[in-house]
Amino acid sequence: MDAATLQATDAFLVRQRITAMVNRYDVSAARPDWSAGEPVAFAQQKRMALREQITLYTDESRRAELCAFRARQVMDVRAQYDVTAPDGTVIGGFRKDFARSLLVSTFHLEQAGGPAATGSERNLLVALLRRVSDVPLAVHFDFTTVEGEPVLSSERTWGLRDAYRVSVHAPWLDRRLALSLAIGLDALLAR
Numbered sequence: 001m002d003a004a005t006l007q008a009t010d011a012f013l014v015r016q017r018i019t020a021m022v023n024r025y026d027v028s029a030a031r032p033d034w035s036a037g038e039p040v041a042f043a044q045q046k047r048m049a050l051r052e053q054i055t056l057y058t059d060e061s062r063r064a065e066l067c068a069f070r071a072r073q074v075m076d077v078r079a080q081y082d083v084t085a086p087d088g089t090v091i092g093g094f095r096k097d098f099a100r101s102l103l104v105s106t107f108h109l110e111q112a113g114g115p116a117a118t119g120s121e122r123n124l125l126v127a128l129l130r131r132v133s134d135v136p137l138a139v140h141f142d143f144t145t146v147e148g149e150p151v152l153s154s155e156r157t158w159g160l161r162d163a164y165r166v167s168v169h170a171p172w173l174d175r176r177l178a179l180s181l182a183i184g185l186d187a188l189l190a191r
C-alpha cells in the first residue's frame with residue numbers, strides 16, 4: 001500500500017499471530033463490514049532486546065520497513081516509545097501513564113505538529129477485572145485530545161488470537177503512529 005493510500009485509510013485490523021518466542025502481527029485495511037482488506041503491514045518484535053522494539057514492514061518478506069517503535073530506556077514503569085520512519089526521523093511517540101494505569105491503563109500519544117492525545121481503557125469494570133483475573137477480556141481504548149476531539153479507538157474482538165479493530169478519527173494523525181500504538185497496546189499490556 002502506498003503512503004497516500006495508507007494515510008487516507010481510517011479503519012484497520014490488527015491480528016496477532018500465535019508464535020512461541022516473539023510477537024508478530026498482521027495489519028490490513030478494514031472493509032466496511034470489518035473483514036480484512038488490503039494488507040498494510042507485518043510487524044515483528046525484536047528478539048532478546050534489552051529495549052522493547054517492534055518493527056513494522058510493508059509485507060511479510062521484511063525487506064522494506066514501514067516504521068518502528070522502540071523504548072527510550074531499558075526498564076521503566078513509565079515506558080516511553082519513539083516511533084520512527086525507516087530513515088530514523090521521529091514520527092511521534094507514546095508513553096504509559098504509570099500512576100493512572102494502576103486503576104485504568106492509560107497512554108499518551110504525541111505527534112509533531114498535532115495535538116497531544118490521551119487514551120484509557122473504555123470500561124472501568126473490565127479494567128478492574130483484568131487486574132485480578134487471568135480470563136481474557138475485551139480491552140477497548142479511546143484516545144481524545146484535551147478538547148475532547150476523538151483521535152483513535154482500538155477495540156479487541158473475541159477470538160482465539162488477539163485481534164483489534166482500529167479506527168482513526170483524526171485526519172492529521174500519521175497512520176504509522178496509529179498502527180504502532182495499536183500494536184504497542186497489545187504487546188506492552190502482554191495481552
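Note that UniProt numbering gives residue 53 to position 53 of the sequence shown, counting from 1, and the numbers run on in steps of one. All residues carry an ideal CB built from backbone N, CA and C; glycine is no exception.
| Item | Value |
| --- | --- |
| Measure how close the beta-carbons of Ser-120 and Ser-105 come, nearest whole angstrom, since I'm counting them as under 8 Å. | 7 Å |
| Indicate whether Glu-65 and Gly-93 have their beta-carbon atoms separated by less than 8 Å. | no |
| First and last residue of the beta strand (DSSP E) that includes Asp-124? | The amino acid occupying residue 124 in the given sequence is Leu; Asp does not appear at that position. It is not in any beta strand (DSSP E) - Leu-124 instead sits in the alpha helix (DSSP H) that spans 124 to 132. |
| By Cβ distance, which residues of its chain are closer than 7 Å to Gln-7, with the 5 residues on each side in sequence left out? | Arg-175 |
| Would you say Glu-149 and Ala-116 are within 8 Å of each other, going by their C-beta atoms? | no |
| List the whole-angstrom C-beta distance separating Leu-173 from Gly-113, where the pair is believed to meet the contact cut-off of C-beta under 8 Å. | Rounded, the Cβ-Cβ distance is 11 Å, inconsistent with contact. |
| Let me know if Arg-62 comes out buried or exposed under the rule of 16 or more other beta-carbons within 10 Å of its beta-carbon. | exposed |
| When you compare only the Cα positions, how much space is there between Arg-70 and Trp-34? | 29 Å |
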